[in-house]
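In order, the protein sequence lines correspond to chains S and G.
Heads up, the first sequence is in numbering that gives the first Met the number 0, so the first residue is 0 and it goes up one at a time.
Heads up, the second sequence is in numbering that gives the first Met the number 0, so the first residue is 0 and it goes up one at a time.
Built from N, CA and C at the ideal position, the CB exists for glycine as well.
Since this is a predicted model, take the numbers as computed values, not measurements.
First the structure, in the form of structure tokens, and then the observations on it.
There are 2 protein chains.
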Amino acid sequence: MALLVDIHTHVYLPRYVSLLRARHTVPRIFTSVTRDGKQDDRLLILDHEPSGGRPVGAQYWDRDEKINFMNRHGINVSVVSSANPWLDFLSAPEAKTLASELNEDLEQYCSEGPSLSPTLQRLYGFGLLPLVPGISTSALVDSIEQISKLLHLRGIILGSRGVGKGLDDEALDPVWAALEKTGLVAFIHPHYGVDEKAWGEKSNGHVLPLALGFPFETTIATTRLILAGVLDRFPSLRLLLAHSGGALPQLSSRLASCIEHDPVVASRLQHDARWYLGKLYFDAVAYGPEELGFVSDVISRSARFESKDSVGVVDRGIGSKRMLFGTDHPFFPPLQPTDKWKSVVENLQAIDSVSGWGTEDKQGVRGDNAISLFQLGQK
Amino acid sequence: MALLVDIHTHVYLPRYVSLLRARHTVPRIFTSVTRDGKQDDRLLILDHEPSGGRPVGAQYWDRDEKINFMNRHGINVSVVSSANPWLDFLSAPEAKTLASELNEDLEQYCSEGPSLSPTLQRLYGFGLLPLVPGISTSALVDSIEQISKLLHLRGIILGSRGVGKGLDDEALDPVWAALEKTGLVAFIHPHYGVDEKAWGEKSNGHVLPLALGFPFETTIATTRLILAGVLDRFPSLRLLLAHSGGALPQLSSRLASCIEHDPVVASRLQHDARWYLGKLYFDAVAYGPEELGFVSDVISRSARFESKDSVGVVDRGIGSKRMLFGTDHPFFPPLQPTDKWKSVVENLQAIDSVSGWGTEDKQGVRGDNAISLFQLGQK
Chain S
0 MALLVDIHTH VYLPRYVSLL RARHTVPRIF TSVTRDGKQD DRLLILDHEP SGGRPVGAQY
60 WDRDEKINFM NRHGINVSVV SSANPWLDFL SAPEAKTLAS ELNEDLEQYC SEGPSLSPTL
120 QRLYGFGLLP LVPGISTSAL VDSIEQISKL LHLRGIILGS RGVGKGLDDE ALDPVWAALE
180 KTGLVAFIHP HYGVDEKAWG EKSNGHVLPL ALGFPFETTI ATTRLILAGV LDRFPSLRLL
240 LAHSGGALPQ LSSRLASCIE HDPVVASRLQ HDARWYLGKL YFDAVAYGPE ELGFVSDVIS
300 RSARFESKDS VGVVDRGIGS KRMLFGTDHP FFPPLQPTDK WKSVVENLQA IDSVSGWGTE
360 DKQGVRGDNA ISLFQLGQK
Chain G
0 MALLVDIHTH VYLPRYVSLL RARHTVPRIF TSVTRDGKQD DRLLILDHEP SGGRPVGAQY
60 WDRDEKINFM NRHGINVSVV SSANPWLDFL SAPEAKTLAS ELNEDLEQYC SEGPSLSPTL
120 QRLYGFGLLP LVPGISTSAL VDSIEQISKL LHLRGIILGS RGVGKGLDDE ALDPVWAALE
180 KTGLVAFIHP HYGVDEKAWG EKSNGHVLPL ALGFPFETTI ATTRLILAGV LDRFPSLRLL
240 LAHSGGALPQ LSSRLASCIE HDPVVASRLQ HDARWYLGKL YFDAVAYGPE ELGFVSDVIS
300 RSARFESKDS VGVVDRGIGS KRMLFGTDHP FFPPLQPTDK WKSVVENLQA IDSVSGWGTE
360 DKQGVRGDNA ISLFQLGQK
């Protein structure tokens with residue numbers, strides 16, 4: 000059966016929403032009363048958000064709304080993750096407690112949700128680690144242990160800060176080791192973008208931080224991780240990059256060239272920078288078929304860098320095996336009431352329109368790759 | 000005759016080098032004496048440069064060295080531009096005087112250099128505008144007027160700061176108007192990258208600011224320019240983007256989606272964001288054939304956004320018409336003495352290896368597109 004699986008879909012679990020409602024600085028949810036007496040809930044997740052934050056409602060926390068959204072778009076299974084900024088703003092003890100509670104909450108959210116068959120639920124999840132400054136290594140490893148025992152959690156979501164110094168911090172080596180051992184997928188997702196001074200003085204709403212800042216952050220975080228040799232030291236790590244890897248695919252040959260011209264950095268790495276891109280997984284949240292086709296080219300060509308001699312034409316189909324459909328729900332909602340969300344339709348059309356992908360490749364990206372990567376249908 | 004034309008190649012003119020030698024803060028050139036008594040000239044163009052700056056020599060300023068480099072790589076014609084940071088660090092009166100002098104110097108550099116035929120020189124140039132805070136509009140327009148009268152200058156190079164507030168500043172409208180009128184090409188080139196805090200604490204040499212920061216800056220500057228409606232107001236503007244447009248091609252469908260979800264921004268623009276990419280020119284300095292093929296796809300698909308109804312398969316060849324070979328000389332020199340620079344060989348091989356480009360498309364990118372865009376061979 001050909002399933003449609005959404006691996007980039009977020010939830011603010013009720014326990015997390017309560018916390019956000021109690022806060023007076025970002026991230027927070029606040030309620031104002033409109034002129035006609037209605038309650039207006041708004042979420043502020045970044046400093047200086049234009050338009051006073053985004054309107055939020057049940058689609059952000061209610062499982063029925065998630066299932067309703069899935070049904071309307073023909074999505075059979077979702078692998079749900081907490082949305083940014085996760086636990087980044089908490090102290091180590093708070094983060095530790097809340098991570099544990101939210102992981103249990105998410106397991107319950109999945110396990111008590113609807114199922115497609117005795118072995119296949121409609122909801123699976125990415126757990127959370129208490130990745131904040133001052134956290135102990137054992138707390139992080141314990142958290143991975145906890146998640147690996149929760150039957151419906153098949154990975155973790157992580158931001159770019161690590162425990163404060165980024166994903167190139169050796170302090171994370173025990174985390175990578177534990178992820179490798181448990182086989183959990185790590186979903187690298189942005190939150191901070193780049194310094195907002197880059198956006199200039201003109202008002203462009205959320206466009207620049209969302210369209211450019213988010214992908215830049217993922218690109219920087221992943222590049223630093225590669226440069227620190229994490230993929231050399233932990234070759235079985237399964238990293239999934241949000242938003243099709245941001246700008247990393249398009250800058251990867253330039254990155255390889257810059258490394259090659261810096262003997263100190265080059266000597267640290269076992270492979271050409273482009274080789275590592277073939278070891279990563281990419282969501283298919285890029286909104287255009289040319290982008291998806293290109294990302295699959297970049298994954299495919301990794302094989303050319305296995306040895307110095309290997310050359311040859313790239314087979315897009317190979318790269319498609321590491322790409323997975325996503326929606327970014329509940330973000331990018333339609334502006335007008337509509338049956339299907341444009342953001343979702345565009346990502347599905349993009350998959351369907353990639354030149355050079357066969358029917359099997361497309362079905363892989365739509366769902367089969369996720370079933371295999373997350374071992375869905377297996378206890 | 001099939002010519003190889005390099006449109007991304009830099010010079011620090013002797014007058015500019017003298018200025019850099021006289022300075023004590025970046026940008027500057029300083030000389031130390033090595034243990035064995037040799038002079039060691041180093042260029043610092045960014046704050047906090049690792050490795051104490053890059054070694055510089057005659058290849059940075061000497062025309063014979065440029066011709067020598069061209070000869071070794073089979074480059075028939077170069078369209079030379081001053082390297083970053085141009086005049087950004089000067090006061091308005093200083094910038095105005097120096098721009099005028101450097102434009103005359105560059106004209107002389109080209110006109111007194113070798114020629115290929117009575118109508119075709121081997122060297123052409125991009126002039127400089129005194130784009131600094133406090134400069135008058137008339138000084139900028141006068142500068143464009145000057146450049147348009149210098150026979151071998153066929154464009155201008157400009158950084159991302161404009162007169163201090165970026166390229167989305169309405170203060171630049173007279174500049175865009177004058178560029179449109181004169182037909183000069185504007186080459187948008189990075190210098191500042193993004194805030195260095197993004198690179199973390201680990202030492203990675205120049206890799207992160209060069210491989211990621213530079214392309215991010217070009218991406219941001221061009222996106223802001225599009226969002227400000229510059230291409231709607233000045234539709235005949237001929238903008239050439241450094242480093243194949245940085246990350247703009249890969250993020251362009253995401254950009255379009257983010258704009259579409261922001262009615263205020265969307266209502267300001269006459270077209271889908273992806274339409275504008277088909278109106279730009281891109282150098283072919285991306286070091287890989289998949290990147291170049293993708294950039295040409297993104298240019299080609301612009302036609303799909305002419306009207307809401309247009310769909311269809313993309314013809315890579317169309318996009319190739321707006322792409323132009325470049326070397327980034329004298330940057331990315333080889334680490335070991337060698338006949339040909341790896342950075343140049345890679346960019347040539349990339350052009351030659353793009354799947355879906357025919358012989359004519361490749362020759363277009365190698366030189367024919369430059370001959371047409373810069374009207375080389377015409378007085």
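Check: Using a Cβ-Cβ cut-off of less than 8 Å, list which residues of the stretch 0 to 26 of chain G approach chain S; keep chain order.; Outcome: none
Check: From Thr218/S, Leu149/S and Asn203/S, pick the residue whose C-alpha is nearest to that of Gly158/S; which is it?; Outcome: Thr218/S
Check: Kindly identify the DSSP beta-bridge partner or partners of Leu119/G.; Outcome: Ser116/G
Check: Hey, is Gly56/S's beta-carbon within less than 9 Å of any beta-carbon in chain G?; Outcome: no
Check: Leu240/G bridges to which residues according to DSSP?; Outcome: Ile187/G and Phe281/G
Check: With Val450/G and Gly204/S assumed to form a contact (beta carbons below 8 Å), what rounded beta-carbon distance in angstroms separates them?; Outcome: Residue 450/G is absent from the model: chain G starts at 0 and stops at 378.
Check: Could you name the residues of chain S that Ser252/G contacts, counting a contact when the two beta carbons are closer than 7 Å?; Outcome: Ala285, Tyr286, Gly287 and Glu290
Check: Establish whether the CB of Val193/S and some CB of chain B are separated by less than 9 Å.; Outcome: Checking the listed chains, one finds no chain B in this structure; the protein chains it contains are S and G.
Check: Of all Cβ atoms in chain G, is any one closer than 9 Å to the Cβ of Ser319/S?; Outcome: no
Check: Excluding sequence positions up to five away, which residues of its chain have a Cβ less than 7 Å from the Cβ of Gly51/G?; Outcome: Arg41
Check: Going straight from the alpha carbon of Val78/G to that of Arg153/G, what length do you get?; Outcome: 8 Å
Check: Is Ser371/G close to chain S, meaning its C-beta is less than 9 Å from at least one C-beta of that chain?; Outcome: no
Check: Using the beta-carbon of each residue, which ones in chain S are nearer than 9 Å to Pro84/G?; Outcome: Going along chain S, no residue has its Cβ under 9 Å from Pro84/G, so there is no contact; the nearest lies around 17 Å.
Check: Given that a residue counts as buried once 16 or more other Cβ atoms are within 10 Å of its Cβ, and exposed if not, what is His328/G?; Outcome: buried
Check: Of all the alpha helix (DSSP H) runs that stay within the bounds of the stretch 163 to 236 of chain S, which reach a length of 4 or more residues?; Outcome: 172 to 181, 213 to 226 and 229 to 232
Check: Can you tell me whether DSSP reads Met0/S as helix, strand or coil?; Outcome: coil
Check: Specify, as a first and last residue, the run of the beta strand (DSSP E) that Phe29/G falls within.; Outcome: Arg27 to Val32
Check: So the beta strand (DSSP E) Ile44/G belongs to, where does it begin and stop?; Outcome: Per DSSP, Ile44/G belongs to no beta strand (DSSP E) and is neither H nor E.
Check: With distance defined between alpha-carbon atoms, name the residue in Ala1/S, Leu86/S and Ser371/S nearest to Tyr11/S.; Outcome: Leu86/S
Check: With the cut-off set at 9 Å, would you say Ile146/S and Leu183/S are in Cβ contact?; Outcome: yes
Check: Can you list the alpha helix (DSSP H) stretches of 4 or more residues lying completely in the stretch 263 to 349 of chain G, in chain order?; Outcome: 272 to 276, 288 to 299 and 315 to 319
Check: What does DSSP give as the partner residues of Thr8/S in its beta bridges?; Outcome: Val79/S and His328/S
Check: Tell me which residues share the same chain as Asp314/G and place their Cβ nearer than 8 Å to its Cβ, disregarding the 5 neighbours each side in the sequence.; Outcome: Ser299
Check: Could you pull the DSSP bridge partners for Arg253/G from this structure?; Outcome: For Arg253/G, which the question treats as bridged, DSSP gives no partner whatsoever.
Check: Where do the ends of the alpha helix (DSSP H) carrying Leu386/S lie?; Outcome: In the structure as shown, chain S begins at 0 and stops at 378. Residue 386/S is therefore absent and cannot be evaluated.
Check: Nearest by alpha-carbon distance to Glu179/G: which of Arg232/G, His190/G, Ile187/G and Glu195/G is it?; Outcome: Arg232/G
Check: Between which two residues does the alpha helix (DSSP H) carrying Phe88/S extend?; Outcome: Looking at the DSSP string, Phe88/S is not in any alpha helix (DSSP H), and its letter there is neither H nor E.
Check: When you compare the CB of Trp274/S with every CB in chain G, is at least one pair closer than 9 Å?; Outcome: no
Check: If we define contact as Cβ-Cβ less than 9 Å, is Glu381/S a contact residue for chain G?; Outcome: Since the first residue of chain S shown is 0 and the last is 378, residue 381/S is not available in this structure.
Check: Could you name the residues of chain S that Lys196/G contacts, counting a contact when the two beta carbons are closer than 8 Å?; Outcome: Asp194
Check: Are the stretch 61 to 77 of chain S and the stretch 24 to 35 of chain S in contact at 8 Å, needing three or more beta carbon pairs?; Outcome: no
Check: Check whether the Cβ of Ile350/G lies closer than 9 Å to any Cβ atom in chain S.; Outcome: no
Check: Report the residue from Arg160/G, Val174/G and Leu149/G whose alpha carbon sits nearest the alpha carbon of Ser137/G.; Outcome: Val174/G
Check: Smallest Cα separation from Arg303/G: which of Arg365/G, Gln120/G, Trp274/G and Gly292/G?; Outcome: Trp274/G
Check: Do Gly126/S and Leu150/S count as a contact pair if the criterion is CB distance below 9 Å?; Outcome: no
Check: With burial defined as no fewer than 16 other Cβ atoms inside 10 Å of the residue's Cβ, what is the status of Asp1/G: buried or exposed?; Outcome: The sequence given here places Ala at residue 1/G; Asp does not occur at that position. Its Cβ having fewer than 16 others within 10 Å, Ala1/G is exposed.
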